[in-house]
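Read through the structure below, which is laid out as C-alpha cells, and then see the notes.
There are 2 protein chains.
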Amino acid sequence: MTNIRDIAKIAGVSVSTVSRVLNHHPYVSEEKRRAVETAMIQTNYHQNMNAIHLSTGKTNIIGVVVPFTNHPYFGKLVEGMMEQAGQDNYKIILFQTNYQLEREQEALDMLKYKQLDGLILCSRGIDWKLLLDYQEYGPIVLAEKTNPQTFSASYIDHYQAFSEALSFLYAKGYRKIGYCVGRQNGANSKQRWQAYQDFLEENALEYNPDYTYYDCYQFEDGANVALKWLEQKNRPEALLVANDQIAAGMVTVCQKHHIDIPRQLALIGFDNQPIAKFMEITTVQLPLFQMGQQLFQQALQADHISEHQFVPKLIERQTV
Amino acid sequence: MTNIRDIAKIAGVSVSTVSRVLNHHPYVSEEKRRAVETAMIQTNYHQNMNAIHLSTGKTNIIGVVVPFTNHPYFGKLVEGMMEQAGQDNYKIILFQTNYQLEREQEALDMLKYKQLDGLILCSRGIDWKLLLDYQEYGPIVLAEKTNPQTFSASYIDHYQAFSEALSFLYAKGYRKIGYCVGRQNGANSKQRWQAYQDFLEENALEYNPDYTYYDCYQFEDGANVALKWLEQKNRPEALLVANDQIAAGMVTVCQKHHIDIPRQLALIGFDNQPIAKFMEITTVQLPLFQMGQQLFQQALQADHISEHQFVPKLIERQTV
DNA sequence: ATTTGAACTGAAACGCGTTTCATGCGCTAT
DNA sequence: ATAGCGCATGAAACGCGTTTCAGTTCAAAT
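From first to last, the protein sequence lines are chains Y and W.
Counting in the numbering used here, the first sequence runs from 2 upward without gaps.
Counting in the numbering used here, the second sequence runs from 2 upward without gaps.
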C-alpha cells in the first residue's frame with residue numbers, strides 16, 4: 002500500500018505538499034499539484050483514515066445511545082440524526098443498550114478513548130454525577146430536560162404533552178383516566194408521572210394504581226395490556242399510551258373482543274406514526290425527526306451548550 | 002493528556018513494558034506491572050484508540066448498509082448483528098442508503114480507507130463488478146444469493162419462500178393470486194418474480210399485471226395498496242405481502258371497508274412479527290435475528306468465504 | 001561445569017497524515 | 001534602494017501505540 006511519502010517521492014515533492022493537495026490547501030503551484038495528482042492516480046493511493054484520526058484527534062463519528070434500535074420512536078429519532086450526519090459528513094455508531102448500564106458505559110468509554118467526537122444519549126441510565134466526568138472528553142447531548150443546564154439537550158416537554166392530553170380527556174368527560182408507558186423511572190416517565198399527579202390533584206380525582214401500566218414499548222405490549230384490561234374489574238375508561246404502536250396493539254385486541262373504542266375505552270397515542278393515521282388513533286404528534294437533527298447538530302457544537310424544547314401537538318381522530 | 006511514554010517514564014520502565022501491561026501480555030514481572038498500573042491510575046491514563054487503530058490497522062468497526070433503519074425487517078436484522086457485535090467486542094456503523102448508490106459508495110470507501118474492518122450489505126445497489134474491486138480492502142458480506150460464490154453471504158431463499166406460499170394458496174383454492182413487494186429490481190424481488198412466474202406456468206395460470214404491487218415497505222404502503230385494491234375492477238383474491246407491516250396495513254383498511262378477510266381477500270405476510278400474531282395474519286417466518294448474527298460473524302472472517310441459507314416457515318393463522 | 005531455554009526488558013522501527021516553522025523568491029510600497 | 005508581504009515549498013516534529021529484535025538474567029538439564 003502506498004502512503005503519502007511514496008507519493009511525495011514519486012511526484013518529486015515533499016510530504017507537506019502532498020498533504021496540501023489532499024486537503025485543498027492554497028499555495029501549491031499548478032505544476033506540482035498535477036504531479037501529485039498523477040502519482041496518486043498511478044498508484045491508486047488513498048488516505049489512511051486511522052492516521053488522519055490520530056493526527057487530527059477527531060474521527061467524524063458520533064455515538065448514539067438508544068435502548069432499542071428496532072423501535073419506531075427511536076427509529077425516527079435516529080433517522081433524523083442520520084440525515085443530519087449525512088449532510089455534515091459524519092458517521093453514526095449506534096449503541097443498543099436494552100437499558101443495560103454497561104452498554105451505556107461502553108459508549109462513554111469510546112468517547113473517552115477518542116473514538117467518538119461526541120455522544121448523544123437518547124436514554125440515560127447512568128448517574129448524573131458520573132456523566133459529568135465524561136464531559137471533558139467531548140460533547141454529550143441528552144434527550145431530556147437537564148436542570149441545571151450542564152449538558153446540551155433537545156427534548157419533548159413530556160409534562161406539557163401529558164398535561165394537555167389529560168385535560169383533553171377530562172374535557173371530553175372522562176374521569177377514570179390512566180396511562181401506559183415504558184419504564185417507571187426514566188426521566189421522561191417521571192415527568193409524565195408528575196403531570197399525572199398534578200392533573201389528578203387539580204381535578205380532585207383519586208389515584209388508582211390499577212389505571213397505570215408499565216413496561217410497554219411495542220405493539221405486542223399494547224396487545225397484552227388490552228388483555229389485562231379486559232380482565233380487570235375496575236377498568237380505566239381512558240388511557241394515555243406512550244406510543245402509537247402500543248395503542249395500535251390495544252385497538253387490535255379490543256376490536257377482536259368487541260370492545261367499543263372510544264365508548265368503553267378511549268385511547269390517546271403518541272408520535273403520530275402512520276399506523277395511527279390508518280387506525281384512526283387520536284395521538285400527540287412528536288417532531289422526532291427534527292429532534293434527531295437538532296440533537297445531532299448539538300453534538301457537533303463542542304464549544305457551547307444549548308437547549309431545545311420541542312412542542313407536541315394533539316391530533317384528534319377516532320379513539321377519543 | 003498522558004500517553005504511553007509518560008506512563009513509562011513515571012513507572013520507570015520502557016514503553017514496551019507498558020504496552021505489555023495494557024495488552025495483558027505475559028513476561029512482565031509483578032513488580033513492574035504494579036508500577037505501571039499505579040502510574041496509570043495516578044494520571045487517569047487511557048489509550049488513544051485512534052493510535053491503536055493506526056498501529057494495528059484495524060478498528061473493530063463493521064459497516065452495515067441498509068436501505069432504511071426505521072423498518073422492522075432491517076431492524077430485526079440489525080438487532081441480530083448488534084447482539085453478535087457486542088459479544089465479539091465490535092461496533093457497528095449504520096449506513097442508511099434510501100437506495101441511493103452514493104451512500105453505498107460511502108460505506109465502501111470507508112472500508113477502503115481502513116475505517117471499517119468489514120462491510121455487510123443488506124441491500125446492494127452497486128454493480129457486481131465494481132464490488133469485486135473492493136474485496137481486497139476487507140471482507141464484504143451480502144444478504145443475497147451470490148452466484149458464483151465470490152462473497153460471503155447469508156440469505157433467505159426467497160424463491161423457496163414464495164413458491165411455498167404460492168402453493169399453499171393454490172391448495173386452498175385460490176387462483177387469482179398476486180403479490181406486493183418493495184423494489185421491482187432488487188435481488189430478492191427478482192427471485193420472487195421468478196418464483197411467481199414459475200408458479201403461474203406450472204399451474205397454467207395467466208399473468209395479470211393488476212395483481213402485482215410495488216413500492217411497498219411499511220404499514221402505510223399496505224394501507225394504500227388496500228385502497229387501490231378496493232378500486233380495482235379485476236381484483237386478486239389472494240396476495241403475498243413482502244412483510245407483516247404491509248399486511249397489517251391492508252388488514253386495517255380492509256376492516257374499515259368491511260372487506261372479509263380471507264373470503265374476499267387472502268393475505269400472507271412475511272417475517273412473523275408480533276403484529277402478525279395479534280392481527281392473526283398468516284405469515285412466513287423469517288429468522289432475521291439469526292441471519293443478522295450470521296452475517297456479522299461472516300464479516301469477521303476475513304480469510305474464507307461462506308454461504309448460509311435460512312429456511313422460511315409458513316405459519317397459518319386467519320388471513321388465508 | 002556447561003549448555004539450554006524460559007522469563008523479562010528496552011531500544012528502535014513502524015503505521016501515516018497533519019501542522020508548524022523556517023526559508024527562498026518575486027513584487028510592491030516607501 | 002530597501003523594507004515588507006504574499007506565495008510556494010520542504011524539513012522536522014507531532015499524535016501514540018504495537019511489534020520486532022536483541023539482549024540480560026537466572027534456573028533447570030546434562
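Using N, Cα and C, we set each Cβ at its ideal position, and we do this for glycine too.
Predicted, not measured: the structure shown is a model, and the values here were computed from it.
Within the continuous beta strand (DSSP E) that includes residue i, where are the two ends?
i	result
W:Ser-20	Element bounds for W:Ser-20: not the beta strand (DSSP E) but the alpha helix (DSSP H), 16-23.
Y:Gly-81	No beta strand (DSSP E) contains Y:Gly-81, which is instead part of the alpha helix (DSSP H) from 73-88.
Y:Glu-317	Note, Y:Glu-317: premise wrong, no beta strand (DSSP E); not H, not E.
W:Val-66	62-67
Y:Gly-119	119-122
Using the beta-carbon count (16 or more within 10 Å), is residue i buried or exposed?
i	result
W:Ser-15	exposed
Y:Lys-234	exposed
W:Pro-73	buried
Y:Gly-293	buried
W:Gln-219	buried
Y:Met-82	buried
W:Lys-105	Looking at the sequence shown, residue 105 of chain W is not Lys but Glu. Its Cβ being crowded by 16 or more others within 10 Å, W:Glu-105 is buried.
Y:Glu-145	buried
Y:Leu-296	buried
Y:Gln-85	buried
W:Asn-24	exposed
Y:His-54	buried
Y:Asp-304	exposed
W:Tyr-138	buried
Y:Gly-58	exposed
W:Gln-265	exposed
Just to confirm my understanding: we take residue i, look at its own chain, exclude 5 residues before and 5 after, and list those with CB closer than 8 Å. What are they?
i	result
Y:Lys-229	Tyr-214
W:Glu-165	Val-285, Pro-313 and Leu-315
W:Tyr-100	Pro-68, Ser-124, Gly-126 and Arg-184
W:Leu-301	Ile-63, Asp-89, Tyr-91, Asp-118, Gly-119 and Pro-140
Y:Gln-198	Tyr-208
Y:Arg-34	Val-22
Y:Thr-70	Gly-76, Val-79, Leu-95 and Gln-97
Y:Leu-112	Gly-64, Gly-119, Leu-120, Tyr-135, Tyr-138, Gly-139 and Ile-141
Determine the extent of the alpha helix (DSSP H) in which residue i is found, giving its start and end residues.
i	result
Y:His-159	159-172
Y:Gly-250	245-257
W:His-54	50-57
Y:Val-142	Where Y:Val-142 is concerned, there is no enclosing alpha helix (DSSP H), although the beta strand (DSSP E) it sits in stretches over 141-143.
W:Lys-92	Per DSSP, W:Lys-92 belongs to no alpha helix (DSSP H); it is in the beta strand (DSSP E), 92-97.
W:Ala-196	188-203
Y:Thr-284	It is not in any alpha helix (DSSP H) - Y:Thr-284 instead sits in the beta strand (DSSP E) that spans 284-286.
W:Tyr-180	Not the alpha helix (DSSP H): W:Tyr-180 falls in the beta strand (DSSP E), residues 178-181.
Y:Ile-11	5-12
Y:Leu-296	289-301
W:Gln-43	31-44
Y:Ile-276	275-279
With respect to 7 Å, is the separation between the Cβ of residue i and the closest non-hydrogen atom of the ligand ADP below this value?
i	result
Y:Ile-260	This structure lacks the ligand ADP, and indeed carries no ligand of any kind.
Within a Cβ cutoff of 7 Å, which residues of the same chain sit near residue i, ignoring the five residues on either side of it in sequence?
i	result
W:Thr-147	Ala-154
Y:Ala-243	Cys-181, Val-182, Gly-183, Cys-217 and Phe-271
Y:Ile-282	Asp-245, Ala-248, Ala-249, Val-252, Leu-268, Gly-270, Arg-318 and Thr-320
Sorted by chain position, which residues of the same chain lie with C-beta nearer than 6 Å to residue i's C-beta, five sequence neighbours on each side aside?
i	result
Y:Gln-274	Pro-73 and Asp-245
W:Leu-109	Tyr-135
W:Ala-239	Leu-170, Tyr-175, Ile-178 and Ala-267
Y:Leu-289	Lys-77 and Leu-78
Y:His-159	Asn-189, Gln-192 and Arg-193
inquiry  = Give me the subset of the segment 217-248 of chain Y whose CB atoms are less than 8 Å from a CB atom of chain W, sorted by chain position.
reply    = Gln-219, Phe-220, Glu-221 and Ala-224
inquiry  = Whether or not the segment 5-13 of chain Y and the segment 43-57 of chain Y are in contact is what I'm after, with contact meaning three or more pairs of Cβ atoms, one per stretch, closer than 8 Å; do they touch?
reply    = yes
ask   = Which residues, taken in chain order from the segment 249-266 of chain W, show a beta carbon closer than 7 Å to some beta carbon of chain Y?
value = Gly-250, Thr-253 and Val-254
query = Closer than 7 Å, Cβ to any Cβ of chain W: which residues of the segment 81-110 of chain Y, in chain order?
reply = Met-83, Lys-92, Ile-93, Ile-94, Leu-95 and Gln-97
request  = Assess, as a yes-or-no matter, whether the segment 109-123 of chain W is touched by the segment 61-75 of chain W under the definition of 3 or more beta carbon pairs within less than 8 Å.
outcome  = Three or more beta-carbon pairs separated by less than 8 Å link the segment 61-75 of chain W to the segment 109-123 of chain W, which places the two stretches in contact.
query = If contact means a Cβ-Cβ distance below 7 Å, which residues of the segment 5-28 of chain W contact chain Y?
reply = none
task = Using a Cβ-Cβ cut-off of less than 8 Å, give me the residues of the segment 33-63 of chain Y that come near chain W, in sequence order.
result = His-47, Gln-48, Asn-49, Met-50, Asn-51, Ala-52, His-54, Leu-55, Gly-58, Thr-60 and Ile-62
task = Compile a chain-ordered list of the residues in the segment 196-214 of chain Y whose CB is closer than 7 Å to at least one CB of chain W.
result = Cβ contacts with chain W: none found.
key: Near-chain Y residues of the segment 275-296 of chain W (beta-carbon distance less than 9 Å), N- to C-terminal order   = Pro-275, Ile-276, Lys-278, Phe-279, Met-280 and Glu-281
message = When you compare the segment 299-310 of chain Y with the segment 148-156 of chain Y, are there three or more beta-carbon pairs, one atom per stretch, that lie closer than 8 Å?
response = yes
query = So, do the segment 202-212 of chain Y and the segment 166-186 of chain Y have three or more beta carbon pairs nearer to each other than 8 Å?
reply = Yes, since at least three Cβ pairs between the segment 202-212 of chain Y and the segment 166-186 of chain Y fall closer than 8 Å, the two stretches touch.
inquiry  = Count Cβ pairs between the segment 250-266 of chain Y and the segment 47-57 of chain Y that sit closer than 8 Å; are there 3 or more?
reply    = no
query = At a Cβ cut of 7 Å, what residues of the segment 68-82 of chain Y count as close to chain W, listed as they run along the chain?
reply = Thr-70, Asn-71, Pro-73, Gly-76, Lys-77, Val-79 and Glu-80
key: Members of the segment 150-181 of chain Y that neighbour chain W once the beta carbon cut-off is set at 7 Å   = none
key: chain Y contacts made by the segment 115-139 of chain W, where a contact means CB separation under 7 Å   = Lys-115 and Gln-116
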